Amino acid sequence: MKSRCFFYKKKNYSIVSNGVVTKKSYSNIALIKYWGKRKNKIQIPMNSSISYSLEKVYTVTKLIYSLKEIKKKRSIKIFFSGKEKTNFLPKIFEFFHRISFYCSYLRYFNFVIKTDNTFPHSSGIASSASSMSALALCIMEIEKKLDSSLKEAFFLKKASFLARLGSGSACRSIYPGLVVWGKHKSIKGSNNLYSIPYPYKIHPIFKKIWDTILVIDEEPKKILSSKGHQLMNHHPYAKERLKFANRNMDQLISILKIGDFPKFGELIEHESLNLHAMIMTSNPYFLWMRPNTLHVLHKVWDFRKQSKKNIYFTLDAGANVHLLYPIQEKKVIIRWIYSELIYYCKKIIESFCQ
Ligand code: DP6
534 MKSRCFFYKK KNYSIVSNGV VTKKSYSNIA LIKYWGKRKN KIQIPMNSSI
584 SYSLEKVYTV TKLIYSLKEI KKKRSIKIFF SGKEKTNFLP KIFEFFHRIS
634 FYCSYLRYFN FVIKTDNTFP HSSGIASSAS SMSALALCIM EIEKKLDSSL
684 KEAFFLKKAS FLARLGSGSA CRSIYPGLVV WGKHKSIKGS NNLYSIPYPY
734 KIHPIFKKIW DTILVIDEEP KKILSSKGHQ LMNHHPYAKE RLKFANRNMD
784 QLISILKIGD FPKFGELIEH ESLNLHAMIM TSNPYFLWMR PNTLHVLHKV
834 WDFRKQSKKN IYFTLDAGAN VHLLYPIQEK KVIIRWIYSE LIYYCKKIIE
884 SFCQ
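Counting from 534, one number per residue, gives the positions in the sequence shown under this note's numbering.
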């Protein structure tokens, strides 16, 4: 693993000019969840996590940069789907503040950020992963323009490193497929500063997975994940959670290798319920699931028992349900979803786990 100084470049860039860069980045769904940050550290996870990037759920960001006087304060404007969003600014300024040490060239510019999602606005789908990673990729694109010697591998590593400083899960969105973030003893190259593509053998069944996202609640979450992470610091079960996540990662490595889908499914369901159990037993406590979430989970269990189909759920930090299944079983499963589950959700979003 590189130290964070690896990403610092003391350089005076002589040829800087105005410009525009555009990048696209995916949302992701974690199989083993990042939950909790190390105390007194910036965006260092308590445990290692792994996710699939979602091919059809992405953000496109255009970053317009124009020269400013170095001593003048930076101006940033942000537009989401064409509308100016001043309420996003505190998070964006904090992000620029955190990365300024590693990207000294940012001091030359004012910025206008124009961003759009492929997934419906207010669908309750976390957009911080795709939006922060798209922004980090845009910033690296500027760095590439200023430094033509920059290599692709460094570009991606540093983009992940920067994205992490915006939102932890965003650092996994830099790569397609299965992506790991956070040090785990069994995963070579895994580290806390940036993500890596999952480095071991993956059985073909796990290379073609479909994710049907059931949007059950479109409202913004009452307890944001950033607050939830903080609650882990004094959580009575935090140590057990850490052991559980580490053990799950070890099990997942062998499941991915041998291609045992039912074991995979049980593991991701158990893991997501464990995440929800942590928020339910935090102080203050909270419940992300809605009645329709529970209806769906029971329906999935019943259907699986009766049909023997490989359909399993995972939950993010909210009421929505991700249904994962092999692409070979899609025809029957999708028919069942649209006939039996449609009543419980506001929207359905489909994506290939690429
Ligand atoms: C439950 O990445 O949103 O989705 O680092 O504070 O921005 P911040 O948190 P965030 O947390 C995501 C938590 C999760 C699990 C996961 O994606 O691994």
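We put the CB at the ideal spot given by N, CA and C, even for glycine.
For clarity, every value in this text was computed on a predicted model and none was experimentally measured.
Query raised in the report: Out of Y598, K678, I658 and C671, which has the shortest C-alpha to C-alpha gap to Y641?
Result: Here residue 641 corresponds to residue number 108 of the sequence shown, with the count starting at 1. Minimum Cα distance to Y641 is reached at Y598.
Query raised in the report: Tell me which same chain residues have a C-beta within less than 7 Å of the C-beta of P859, skipping the five on either side of it?
Result: For the purposes of this step, residue 859 is taken as residue 326 along the sequence shown, with counting starting at 1. The answer, listed in chain order, is I738, K741, I742, F794 and N843.
Report task. Please indicate yes or no: does the CB of W869 lie closer than 8 Å to some heavy atom of the ligand DP6? Result -> Position 336 of the sequence shown, counted from the start, is the residue given in the question as residue 869. Between the ligand DP6 and W869, a heavy atom-to-CB distance of less than 8 Å is absent.
Requested in this report: Determine the contact status of K570 and M765, defining contact as a CB-CB distance below 9 Å.
Outcome: As a working mapping, residue 570 is identified with position 37 in the sequence shown. As a working mapping, residue 765 is identified with position 232 in the sequence shown. The beta carbons of K570 and M765 sit closer together than 9 Å.
Query raised in the report: Thinking C-alpha only, which one of L830, S702, S815 and K734 is nearest G792?
Result: Reading the sequence shown from its first residue, position 259 is the one you call residue 792. For the residues L830, S702, S815 and K734, the minimum Cα distance to G792 belongs to K734.
Query raised in the report: How big is the Cα-Cα spacing for S872 and I881?
Result: Your numbering for residue 872 matches position 339 in the sequence shown. Your numbering for residue 881 matches position 348 in the sequence shown. Answer to the nearest angstrom: the Cα atoms are 12 Å apart.
Query raised in the report: What residue from F885, I801 and F819 has the CA that sits closest to Y845's CA?
Result: By one-based count along the sequence shown, residue 845 stands at place 312. When only C-alpha atoms are compared, the closest one is I801.
Report task. Return the chain-ordered ranges of every beta strand (DSSP E) run that is complete within the segment 621-682 and spans a minimum of 3 residues. Result -> The qualifying runs are 642-650.
Requested in this report: Say yes only if the C-beta of L493 is nearer than 8 Å to one or more non-hydrogen atoms of the ligand DP6, and no if none qualify.
Outcome: Here the chain has residues from 534 to 887 only, and residue 493 is not among them.
Report task. In the DSSP assignment, find the unbroken alpha helix (DSSP H) run with I801 in it and report its ends. Result -> For the purposes of this step, residue 801 is identified with residue 268 of the sequence shown, where counting begins at 1. Counting along the chain, the alpha helix (DSSP H) containing I801 begins and ends at F794 to M813.
Query raised in the report: Using DSSP with H/G/I as helix, E/B as strand and the rest coil, what is I577?
Result: Numbered from 1 along the sequence shown, position 44 holds the residue referred to as residue 577. Three-state DSSP puts I577 in coil, outside helix and strand.
Report task. Within the same chain, show all residues whose beta-carbon is closer than 6 Å to that of E588, passing over the 5 residues directly before and after it, in chain order. Result -> Looking up residue 588 in the sequence shown gives position 55. Cβ neighbours of E588 beyond the five flanking positions: S884, F885 and Q887.
**Report entry** Alpha-carbon spacing of F694 relative to A703, whole angstroms
**Finding:** As a first step, residue 694 must be located in the sequence shown, where it is residue number 161. As a first step, residue 703 must be located in the sequence shown, where it is residue number 170. Between F694 and A703, the C-alpha separation is close to 9 Å.
Query raised in the report: So, using beta-carbon positions, are V829 and I749 closer together than 9 Å?
Result: Your numbering for residue 829 matches position 296 in the sequence shown. Your numbering for residue 749 matches position 216 in the sequence shown. Closer than 9 Å, so yes.
Query raised in the report: From which residue to which residue does the alpha helix (DSSP H) around N825 run?
Result: As a working mapping, residue 825 is identified with position 292 in the sequence shown. Boundaries of the alpha helix (DSSP H) around N825: P824 to S840.
Query raised in the report: Across which residues does DSSP place F846 in a beta bridge pair?
Result: Taking the sequence shown and counting its residues from 1, one reaches residue 846 at position 313. The secondary-structure analysis by DSSP pairs F846 across a beta bridge with L856.
Requested in this report: Would you mind giving the Cβ-Cβ distance between S660 and N650, rounded to the nearest angstrom? I have them listed as a contact below 8 Å.
Outcome: By 1-based counting over the sequence shown, the position of residue 660 is 127. By 1-based counting over the sequence shown, the position of residue 650 is 117. With a Cβ gap of about 6 Å, S660 and N650 count as contacting.
Query raised in the report: What is the DSSP secondary structure of G714, reduced to helix, strand or coil?
Result: Residue numbering aside, residue 714 sits at position 181 when the sequence shown is read from its first letter. Note that residue 714 is Trp in the sequence shown, not Gly. In the structure shown, W714 sits in a strand (DSSP, three-state: E or B).
Query - Minimum length 4: unbroken alpha helix (DSSP H) runs contained in the segment 717-768 - result: Whole alpha helix (DSSP H) segments, 4+ residues: 758-764.
Query - DSSP-derived helix/strand/coil call for S700 - result: Reading the sequence shown from its first residue, position 167 is the one you call residue 700. Here S700 sits in coil by DSSP.
Report task. Check whether the segment 578-587 touches the segment 699-719, taking contact to mean three or more Cβ pairs, one atom from each stretch, closer than 8 Å. Result -> At 8 Å Cβ cutoff, the stretches touch.
Query raised in the report: Can you tell me whether P578 is buried or exposed, with buried defined as 16 or more other CB within 10 angstroms of its CB?
Result: Counting from one through the sequence shown, the residue named residue 578 turns up at place 45. Burial call: buried.
Query raised in the report: Of the residues K678, H736, A810 and Y877, which one's Cα is nearest the Cα of L785?
Result: Counting from 1 along the sequence shown, the entry for residue 785 is found at position 252. Comparing Cα-Cα distances from L785 to each of K678, H736, A810 and Y877, the minimum goes to H736.
**Report entry** Straight-line Cα distance separating I867 from Q861
**Finding:** Start at 1 with the first residue of the sequence shown, and residue 861 comes out as number 328. Start at 1 with the first residue of the sequence shown, and residue 867 comes out as number 334. Looking at the backbone, the Cα of Q861 and that of I867 are separated by about 11 Å.
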